[in-house]
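Chemist:
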Amino acid sequence: MPPGFDARGGSTFFSVFSHAQAKLVAMANIRVRFAPSPTGYLHVGGARTALYNWLFARRHGGVFVLRIEDTDLDRSKPELVTAILEGLEWLGLHWDEGPIHQSERLDRYRDLAARLERSGHAYPCFCAPEELQAKRARAEAERRAWKYDGTCRNLSQAEQARRRAEGRPAALRFRVPESGETAFDDEVFGRVVLQNSQIEDFVLLRSDGNPTYHLGVVSDDLDLRITHVIRGADHLSNTPKQVLMYRALAAPPPVFAHLPLILGPDRQRLSKRHGATAVGAYREQGVLPEALRNFLALLGWTPPAGADKPDGKEVLTIEEMIATFDLQAVSKSNAVFDLEKLAWMNSVYLRALPRNRLLALAEAELASAGLWREAWADPPAAGPSAGQAQAGSEREAFASTVMLLQSRARTLKDFSGSFRAFFSDQFDYDAEAVKKFWKEPALPGLLRELAARLERVEPFTAQKCEKKLREFAEEKKLKAGVLINAARVALTGQAVAPSLFDVMAVLGRTPTVARLSRAANFLDKT
RNA sequence: GGCGCUAUCGUCUAGGGGUUAGGACGUCAGAUUCUCAAUCUGAAAACCCGGGUUCGAUUCCCGGUAGCGCUACCA
399 MPPGFDARGG
409 STFFSVFSHA
419 QAKLVAMANI
429 RVRFAPSPTG
439 YLHVGGARTA
449 LYNWLFARRH
459 GGVFVLRIED
469 TDLDRSKPEL
479 VTAILEGLEW
489 LGLHWDEGPI
499 HQSERLDRYR
509 DLAARLERSG
519 HAYPCFCAPE
529 ELQAKRARAE
539 AERRAWKYDG
549 TCRNLSQAEQ
559 ARRRAEGRPA
569 ALRFRVPESG
579 ETAFDDEVFG
589 RVVLQNSQIE
599 DFVLLRSDGN
609 PTYHLGVVSD
619 DLDLRITHVI
629 RGADHLSNTP
639 KQVLMYRALA
649 APPPVFAHLP
659 LILGPDRQRL
669 SKRHGATAVG
679 AYREQGVLPE
689 ALRNFLALLG
699 WTPPAGADKP
709 DGKEVLTIEE
719 MIATFDLQAV
729 SKSNAVFDLE
739 KLAWMNSVYL
749 RALPRNRLLA
759 LAEAELASAG
769 LWREAWADPP
779 AAGPSAGQAQ
789 AGSEREAFAS
799 TVMLLQSRAR
809 TLKDFSGSFR
819 AFFSDQFDYD
829 AEAVKKFWKE
839 PALPGLLREL
849 AARLERVEPF
859 TAQKCEKKLR
869 EFAEEKKLKA
879 GVLINAARVA
889 LTGQAVAPSL
899 FDVMAVLGRT
909 PTVARLSRAA
919 NFLDKT
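Those letters in the first sequence? Residues 399 to 924, by my numbering.
(1) Are the segment 793-812 and the segment 859-870 touching, with three or more C-beta to C-beta distances below 8 angstroms?
(2) Have a look at the DSSP bridge pairing and note the partners of histidine 499.
(3) Based on Cα-Cα distance, which residue from Tyr521, Gly548, Pro522 lies nearest to lysine 533?
(4) Please go through the same chain and pick out, in chain order, the residues whose beta-carbon is closer than 8 angstroms to the beta-carbon of proline 702, but skip the five residues on each side of it.
(5) Pair every Cβ in the segment 611-624 with every Cβ in the segment 489-501, then say whether three or more of these pairs are closer than 8 angstroms.
(6) In the DSSP assignment, find the unbroken alpha helix (DSSP H) run with cysteine 523 in it and report its ends.
(7) Any idea which residues DSSP pairs valine 832 with across the strands?
(8) Please report the Cβ distance between arginine 671 and glycine 662, rounded to the nearest whole angstrom; I am assuming they are in contact, meaning their Cβ atoms lie under 8 angstroms.
(9) Can you name the start and end residues of the alpha helix (DSSP H) that phenylalanine 870 belongs to?
(10) For arginine 562, which residues from the same chain have a beta carbon less than 8 angstroms from its beta carbon, with the 5 sequence-adjacent residues on both sides left out?
(11) State the start and end residues of the unbroken beta strand (DSSP E) segment that holds leucine 602.
(12) Taking the alpha carbon of glutamate 579 as the point to measure from, which residue in Val591, Val479, Arg506 has its own alpha carbon closest?
(13) Here's the rule I'm using: 16 or more other beta-carbon atoms within 10 Å means buried, otherwise exposed. How should aspartate 468 be labelled?
(14) Contact between the segment 732-747 and the segment 471-480 is defined here as three or more beta-carbon pairs at a separation below 8 angstroms; is this criterion met?
(15) Closer than 8 angstroms is the cut-off here; do at least three beta carbon pairs connect the segment 506-516 with the segment 598-616?
(16) CB arginine 913 to CB leucine 889, shorter than 8 angstroms?
(17) For lysine 923 and proline 909, I'd like the C-alpha separation in whole angstroms.
(18) Work out the CA separation of arginine 566 and glycine 407 for me, nearest whole Å.
(19) Should the segment 838-852 be regarded as contacting the segment 890-899, the criterion being three or more beta carbon pairs within less than 8 angstroms?
(20) Is the segment 436-456 touching the segment 675-689 in the sense that three or more CB pairs, one from each, lie closer than 8 angstroms?
(21) For a minimum of 3 consecutive residues, which ranges assigned as the beta strand (DSSP E) are wholly contained in the segment 423-486?
(22) Within its chain, find whatever has a CB closer than 8 angstroms to the CB of proline 687; leave out the 5 residues flanking it on each side and keep chain order.
(23) Tell me where the alpha helix (DSSP H) around alanine 581 begins and ends.
(24) When you compare only the Cα positions, how much space is there between leucine 647 and valine 616?
(25) Just to confirm before moving on: does the CB-CB distance between alanine 526 and alanine 520 stay below 8 angstroms?
(26) Around the Cβ of arginine 691, are there at least 16 other Cβ atoms within 10 angstroms (buried) or fewer (exposed)?
(27) I need the straight-line Cα distance from proline 650 to valine 430, nearest angstrom please.
(28) Which residue marks the beginning of the alpha helix (DSSP H) containing arginine 562, and which one marks its end?
(29) Looking only at its chain, what residues have a beta carbon closer than 7 angstroms to the beta carbon of glutamate 856, apart from the 5 residues adjacent to it on each side?
(30) Would tryptophan 770 and arginine 793 qualify as a contact pair, given that the criterion is a beta-carbon distance under 8 angstroms?
(31) Answer yes if the segment 545-560 comes into contact with the segment 604-614, meaning at least three C-beta pairs across the two stretches below 8 angstroms, and no otherwise.
(32) Looking at proline 652 and histidine 626, is the spacing between their C-beta atoms short of 8 angstroms?
(33) Quick one: grab the DSSP three-state call for aspartate 536.
(34) Per DSSP, what kind of secondary structure is arginine 667 in: helix, strand or coil?
(35) At the level of alpha carbons, what is the spacing between arginine 541 and asparagine 451?
(36) Between which two residues does the alpha helix (DSSP H) containing isoleucine 882 stretch?
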């Protein structure tokens, strides 16, 4: 580390350091952080921010720090911290340090605030919040721009002391220069410049002694030696305030990279109104973490096209993402969260899932829907015995059912939803399916006869079943399709399912025959 | 209202002073077929508007418009 790099050293060396040079130094020892506030669940926007931070750290061999910004005591809920951590773990975004709770670091913030006050960069403000609110409301009513008016900015030492002696509560405000401008070079947005006259003397320390966001972030980013601040673009306009603080502390600011926001289909900022925004909700809906992660990665970032990754390849392994992630390739414009594309991506990942993992996930889904049967469980690896051989065959039947269904699943929910008939005898006949495929008047008799013939098929395989059914159709001078489609509805209750004969094989003889008869009985009654 | 940022198919985006403006999702059509999905083939679909610079702007500059963000003793 070159001299003068200790952020807390207060060296002025950095004031002459160019942005490019600072960047170079920062690259040598990358430290990034994700700093959610536990006032809500892990939002997909937050998850993407975390992902980009994580990718950046992994790409550059850096450290990914997790920090919980819980300085708003009223709104922060400890149980939400757990939910956020779980969300991150689920997505595979493991942090190297933390979680660090800001609520446990109040001394650090007060120290920094005191330092700022001593150096004249901050001053106590005795204005009552209600008073300020009234002024603001008035200004708004008169359609004037409002900014803190500096009432307490130039109080004499004696006056400050007098008011303190009176026990009047004071907030600490940052003294923003009256003129000039503040600029920084954002990795995504480029140079951003703001007139200091536009920035108000913002609060650093509340009158109850707790820090505000700005104090907390700068203090912690300094303490944690954060080199790159990668966060949502909603912080872009706040950044000059923080840059001003770094300047007042004679400390080098980190490199900033702001990420465009994620919007709902109506182009409004994504919120509950648009449906699920919490990562956990997607998990519950049967989305795979790697699918959500891949989808989120592409929401604002385009991987480079190369020989190994021809234009159009959007399904990326985590390794490919790490190898190619680049802040320069992050888009500047906000992106609409496209549920359809997520669903597609999820089906791609679902189809590529290795057998064991798929079976485990299907089991979990069925269990939570109350459809799981212990007989399907993975038999213990111990030596074979009569009982286990039996269990093993049940297991095999379960496994082949799941594998048969794999290619048509959109989410894990399908296993307990549209695939229900494969795991339970309790299912209804879909009205549309009945209308479409149960038109043939002679159907009850046909289904019964078919059932009778299938009873004699040996062995009960897809091929044998198909042969039997086609022979039967020919005898009856029926198109095989009529029988096939009718039987599909009988076996699954649906018009949509895998190849009928595969369905028969997977169900087994007894359920197949029973369901055909049951359908015949049902038809008799209607 | 003030300030900031952004602007390519419906959506995510590539591209860049001269291109048939490329890809992905979705949509539509066809192939396949026992339904659906998958797969394959094909199609429709975009440079916000106005000025300027230029031989030539979708690309560069300015303005407008729209969208989003910030404008708290929230983060």
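Ideal placement from N, C-alpha and C gives every residue a C-beta, glycine not left out.
Modeler: Working from what's here:
(1) no
(2) Within the first sequence, residue 499 is the residue found at index 101, counting from 1. The partner list for histidine 499 (beta bridge, DSSP) reads Ile466.
(3) Counted from its first residue, the first sequence places residue 533 at position 135. Checked all of Tyr521, Gly548, Pro522; the closest Cα to lysine 533 is Gly548.
(4) If you number the first sequence from 1, residue 702 lands on position 304. Only Thr722, Asp724, Ala727 meet the Cβ criterion.
(5) yes
(6) Here the question's residue 523 lines up with position 125 in the first sequence. Where cysteine 523 is concerned, there is no enclosing alpha helix (DSSP H), although the beta strand (DSSP E) it sits in stretches over 520-523.
(7) In the first sequence, residue 832 corresponds to position 434, counting from 1. DSSP output for valine 832 lists no bridge partner at all.
(8) By one-based count along the first sequence, residue 671 stands at place 273. By one-based count along the first sequence, residue 662 stands at place 264. Correct: roughly 7 angstroms between the Cβ atoms.
(9) The count along the first sequence starts at 1 and reaches residue 870 at position 472. 860-873 is the extent of the alpha helix (DSSP H) around phenylalanine 870.
(10) As a working note, residue 562 is residue 164 in the first sequence. Only Pro522, Ala568 meet the Cβ criterion.
(11) By one-based count along the first sequence, residue 602 stands at place 204. Per DSSP, leucine 602 belongs to the beta strand (DSSP E) from 601-603.
(12) As a first step, residue 579 is located in the first sequence; it is residue number 181 there, counting from the start. Here the closest residue by C-alpha is Val591.
(13) Locating residue 468 in the first sequence gives position 70, where the first residue counts as 1. Buried is the call here.
(14) no
(15) yes
(16) Along the first sequence, read from residue 1 onward, the residue named residue 913 stands at position 515. Along the first sequence, read from residue 1 onward, the residue named residue 889 stands at position 491. Closer than 8 angstroms, so yes.
(17) Stepping through the first sequence from its first residue, residue 923 is reached at position 525. Stepping through the first sequence from its first residue, residue 909 is reached at position 511. The straight-line gap from Cα to Cα measures roughly 21 angstroms.
(18) Taking the first residue of the first sequence as 1, we reach residue 407 at position 9. Taking the first residue of the first sequence as 1, we reach residue 566 at position 168. Summary for glycine 407: the model assigns pLDDT 34, below 50, so the residue's position carries little reliability; its value from the coordinates is reported in the next sentence. Using only the alpha carbons, I get a separation of about 34 angstroms.
(19) no
(20) yes
(21) 429-432, 461-466
(22) Taking the first residue of the first sequence as position 1, residue 687 is located at position 289. Once the five neighbours on either side are set aside, the close Cβ partners of proline 687 are Trp488, Leu489, Gly490, Arg681.
(23) Working through the first sequence from its first residue, we reach residue 581 at position 183. Note, alanine 581: premise wrong, no alpha helix (DSSP H); beta strand (DSSP E) at 579-584.
(24) Here residue 647 refers to the residue found at position 249 of the first sequence. Here residue 616 refers to the residue found at position 218 of the first sequence. Each residue's alpha carbon lies about 10 angstroms from the other.
(25) In the first sequence, the residue the question calls residue 526 occupies position 128. In the first sequence, the residue the question calls residue 520 occupies position 122. Not in contact: alanine 526 and alanine 520 (Cβ atoms no closer than 8 angstroms).
(26) For the purposes of this step, residue 691 is taken as residue 293 along the first sequence, with counting starting at 1. Classification of arginine 691: buried, given that the 10 Å Cβ count is 16 or more.
(27) Residue numbering aside, residue 650 sits at position 252 when the first sequence is read from its first letter. Residue numbering aside, residue 430 sits at position 32 when the first sequence is read from its first letter. Going by the C-alpha atoms only, they are around 15 angstroms apart.
(28) Residue 562 sits at position 164 when you count from the first residue of the first sequence. From DSSP, the alpha helix (DSSP H) with arginine 562 extends over 555-563.
(29) One-based indexing of the first sequence puts residue 856 at position 458. Cβ neighbours of glutamate 856 beyond the five flanking positions: none.
(30) Within the first sequence, residue 770 is the residue found at index 372, counting from 1. Within the first sequence, residue 793 is the residue found at index 395, counting from 1. Not a contact, by the Cβ cut-off of 8 angstroms.
(31) no
(32) Locating residue 626 in the first sequence gives position 228, where the first residue counts as 1. Locating residue 652 in the first sequence gives position 254, where the first residue counts as 1. Contact flag set, yes.
(33) By one-based count along the first sequence, residue 536 stands at place 138. Here residue 536 turns out to be arginine, not aspartate, going by the sequence shown. Reduced to three states, the DSSP call for arginine 536 is helix.
(34) Counted from its first residue, the first sequence places residue 667 at position 269. Reduced to three states, the DSSP call for arginine 667 is strand.
(35) For this step, residue 541 is matched to residue 143 along the first sequence. For this step, residue 451 is matched to residue 53 along the first sequence. One C-alpha to the other measures close to 40 angstroms.
(36) On the first sequence, residue 882 is found 484 positions in, with the first residue counted as 1. It spans 878-890 - the alpha helix (DSSP H) in which isoleucine 882 sits, taken as one unbroken run.
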